[in-house]
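K.L.:
Okay, here's the structure, questions in a sec.
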Amino acid sequence: MIELDFALTRGEFVLQLALRSEARALALFGDSGCGKTSTLHAIAGLLKPARGRIALDGRVLFDADERAGVPVAQRRLGVVFQDVRLFPHLSVRDNLRYGAPSSNDSSRFDDAVQLLGLGALLKRKPDRLSGGQARRVAIGRALLCDPAALLLDEPLSNLHREARAEVLEHLRGLKRELALTTILVSHQADEVLALADAVALLDDGRLRKVLPVAQFGGEQRFATRATAEAR
Amino acid sequence: MAWLSHDETIALLLSLRVAAVATACALPPATACAWLLARWRFIGKSLLETALLLPLILPPVVTGYVLLEVFGHRGVIGRVLDALHLTIAFRWTGAALAAGVMAFPLLVVALRTAFESVDRKLEQAAATLGANAWRIFFGITLPLSLRGLVAGVALAFARAFGEFGATITFVSSIPGETRTLPIALYELLETPGGEGGALRLTWVAVIVALIATLGAALLLRGQRATEIES
Numbered sequence: 001m002i003e004l005d006f007a008l009t010r011g012e013f014v015l016q017l018a019l020r021s022e023a024r025a026l027a028l029f030g031d032s033g034c035g036k037t038s039t040l041h042a043i044a045g046l047l048k049p050a051r052g053r054i055a056l057d058g059r060v061l062f063d064a065d066e067r068a069g070v071p072v073a074q075r076r077l078g079v080v081f082q083d084v085r086l087f088p089h090l091s092v093r094d095n096l097r098y099g100a101p102s103s104n105d106s107s108r109f110d111d112a113v114q115l116l117g118l119g120a121l122l123k124r125k126p127d128r129l130s131g132g133q134a135r136r137v138a139i140g141r142a143l144l145c146d147p148a149a150l151l152l153d154e155p156l157s158n159l160h161r162e163a164r165a166e167v168l169e170h171l172r173g174l175k176r177e178l179a180l181t182t183i184l185v186s187h188q189a190d191e192v193l194a195l196a197d198a199v200a201l202l203d204d205g206r207l208r209k210v211l212p213v214a215q216f217g218g219e220q221r222f223a224t225r226a227t228a229e230a231r
Numbered sequence: 232m233a234w235l236s237h238d239e240t241i242a243l244l245l246s247l248r249v250a251a252v253a254t255a256c257a258l259p260p261a262t263a264c265a266w267l268l269a270r271w272r273f274i275g276k277s278l279l280e281t282a283l284l285l286p287l288i289l290p291p292v293v294t295g296y297v298l299l300e301v302f303g304h305r306g307v308i309g310r311v312l313d314a315l316h317l318t319i320a321f322r323w324t325g326a327a328l329a330a331g332v333m334a335f336p337l338l339v340v341a342l343r344t345a346f347e348s349v350d351r352k353l354e355q356a357a358a359t360l361g362a363n364a365w366r367i368f369f370g371i372t373l374p375l376s377l378r379g380l381v382a383g384v385a386l387a388f389a390r391a392f393g394e395f396g397a398t399i400t401f402v403s404s405i406p407g408e409t410r411t412l413p414i415a416l417y418e419l420l421e422t423p424g425g426e427g428g429a430l431r432l433t434w435v436a437v438i439v440a441l442i443a444t445l446g447a448a449l450l451l452r453g454q455r456a457t458e459i460e461s
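Chains as they are written, first to last, in the numbering used here: chain A, 1 to 231; chain B, 232 to 461.
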């Protein structure tokens, strides 16, 4: 269960969202600047809403009324940033282990490495990875911190066609293998159709509607047209 | 070191010890101050910045005099240290304190610049992976600031090695205890027939400064080579 009801301000931009979704994988869909990434960062604790409440699967992460805010490091959310953010001085292995340094569960590490096809890359530094490989490492790193939910920010952006297909395939695999609550930020329809169960349409800091992914095709055209008209 | 006299050798070794201890002791508080200035906004930040830079701006004699007033036998802290048999006035430890105070701003400036150059988004990413502030600092921020750290340490060591004004004011010139290389050099210049010794110590000072700078450059090059190989 994803429960978001909050408002935050960044400069002149006001983001105001209220949604509840039972979907296992929810996509936040909309044009650039509509507030998708800000929403994700508010859930991760990197931005603090002015008011409201954020809860995932019944676990309250932020509640302004209760003056409760779980610190970023204790939210247990696997965040995959759009700009990847691998640690440049650490090898792929050390990047992957960063979120679980004392874990003795090597099978978990091996499973993630196998699932994401990272076996041959473990000794490399991030500057020796292709865009698709770096994205896969970032996904693996987020998974290995034993997250309660995954937050993916445009996981296929800035990748060429082959790398895009490669990462998409791995993300599909993850969705099949792991039953993790996932919030995906995207402005690409095929990404949403492949990875999400439900879609929240965002426009200029407001939620337009939440709908099952099966209804997304028609709504996507409507949403795009409405956005264009609004401008 | 056959070409140095016994006294000159002692002055050199004392200066190396004083500079090493001064740099090592200044490093932790300088790191903390640099991190505070680079990563936090707080009331009085500009005042703290200025206060930390004071030893760089003030005449060294003034710094030495302040140290004497505070850490001398009649000073507020000096009396406490005396009672604890930890006297530092007119001791080599006092020379290290003076050198450390003078090198401190250089370390703060170098480290602050280095910390500010680390992408904060990486620290955010580390936090989302469950790392606390200590782990983020020692695992991400500090390693990524290594170049600035090494450069700052080399600069601070060279500054501490060459410290003169604050040292002579605070701990005077006691052979084997506080007569560091720059003080010995100054006294040789004041002594008839001391030019030969002064020239030798000048060469030594130049060589030590070169070794500190080149050592830092080699360390950084070594680090870069390791990065490329891996």
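The beta-carbon is built from N, C-alpha and C at its ideal position, and this holds for glycine as well. None of these values were measured; they are calculated from a predicted model.
Ala-269/B and Phe-346/B - do their beta-carbons sit closer together than 9 angstroms?
P.N.:
Yes, they are a contact pair.
K.L.:
Using 10 angstroms around the beta-carbon of Arg-351/B, count the other beta-carbons present and answer buried if the total reaches 16, otherwise exposed.
P.N.:
Answer is exposed; the Cβ neighbour count stays below 16.
K.L.:
Does chain E have any CB closer than 9 angstroms to the CB of Leu-116/A?
P.N.:
Within the model displayed, chain E is absent; protein chains A and B are what it includes.
K.L.:
Exposed or buried, Pro-413/B, counting other C-beta atoms within 10 Å across all chains shown (16 or more means buried)?
P.N.:
Classification for Pro-413/B: buried.
K.L.:
At a CB distance below 9 angstroms, what residues from the stretch 351-384 of chain B approach chain A? Give them in sequence order.
P.N.:
Flagged, chain order: Lys-352, Leu-353, Gln-355, Ala-356, Ala-357, Ala-358, Thr-359, Leu-360, Gly-361, Ala-362, Asn-363, Ala-364, Arg-366, Ile-367, Gly-370, Ile-371, Pro-374, Leu-375 and Leu-377.
K.L.:
Could you name the residues that DSSP lists as bridge partners for Asp-350/B?
P.N.:
BP columns for Asp-350/B are empty, so no partner.
K.L.:
Span of the alpha helix (DSSP H) holding Lys-36/A?
P.N.:
Where Lys-36/A is concerned, the enclosing alpha helix (DSSP H) stretches over 36-44.
K.L.:
Should the stretch 78-98 of chain A be called in touch with the stretch 151-167 of chain A, which here means at least 3 C-beta pairs below 8 angstroms?
P.N.:
Yes, the stretch 78-98 of chain A touches the stretch 151-167 of chain A.
K.L.:
For Ser-461/B and Ala-320/B, what's the separation of their Cα atoms in angstroms?
P.N.:
Bear in mind that a pLDDT of 48 at Ser-461/B, under 50, signals an unreliable position, so the number given afterwards is only what the model happens to contain. Roughly 50 angstroms between the two C-alpha positions.
K.L.:
What in chain B is Cβ-close to Ala-44/A, meaning under 7 angstroms?
P.N.:
Correct list: Thr-359.
K.L.:
Residues in the same chain with beta-carbon distance under 8 angstroms from His-304/B, minus the five sequence neighbours each way, listed in chain order, please.
P.N.:
Around His-304/B: Arg-310, Asp-313, Thr-318 and Ala-320.
K.L.:
Specify the secondary structure class of Gln-82/A as computed by DSSP and reduced to three states.
P.N.:
Gln-82/A: coil per DSSP, three-state reduction.
K.L.:
Compute the distance between the beta-carbons of Arg-390/B and Leu-342/B, then report whether it is under 9 angstroms.
P.N.:
Cβ atoms of Arg-390/B and Leu-342/B: not closer than 9 angstroms.
K.L.:
Using the rule of at least 16 other Cβ atoms within 10 Å of the residue's Cβ for burial, across every protein chain shown, is Pro-259/B buried or exposed?
P.N.:
Its Cβ having fewer than 16 others within 10 Å, Pro-259/B is exposed.
K.L.:
Quick check: the Cα distance between Asp-31/A and Asp-203/A, rounded to an integer number of angstroms?
P.N.:
Each residue's Cα considered, the two are about 7 angstroms apart.
K.L.:
In the structure shown, what three-state DSSP assignment does Glu-3/A receive?
P.N.:
Of the three classes helix, strand and coil, the one that applies to Glu-3/A here is strand, per DSSP.
K.L.:
Starting from Leu-122/A and walking both ways along the beta strand (DSSP E), at which residues does that stretch end?
P.N.:
Neither: Leu-122/A is in no beta strand (DSSP E) and is coded neither H nor E.
K.L.:
Three Cβ pairs or more, each shorter than 8 angstroms: is that satisfied between the stretch 275-293 of chain B and the stretch 354-370 of chain B?
P.N.:
Touching, no.
K.L.:
With a threshold of 16 other CB atoms inside 10 Å of the CB of Thr-228/B, please say whether the residue is buried or exposed.
P.N.:
In the structure as shown, chain B begins at 232 and stops at 461. Residue 228/B is therefore absent and cannot be evaluated.
K.L.:
Whose Cβ in chain B lies nearer than 9 angstroms to the Cβ of Phe-62/A?
P.N.:
Ordered by position in chain B, no residue passes the 9 angstroms Cβ test against Phe-62/A, which lies about 15 angstroms from the chain.
K.L.:
Rounded to whole angstroms, how far is the Cβ of Cys-145/A from the Cβ of Gly-205/A, which I believe are closer than 8 angstroms?
P.N.:
The pair is not a contact, with the Cβ atoms about 30 angstroms apart (cut-off 8 angstroms).
K.L.:
Taking DSSP's pairing of strands, which residues face Asp-31/A in a bridge?
P.N.:
According to DSSP, which records beta bridges pairwise, Asp-31/A is partnered with nothing at all.
K.L.:
Would you say Leu-77/A faces chain B, with C-beta separation under 9 angstroms as the test?
P.N.:
Chain B contact via Cβ: present.
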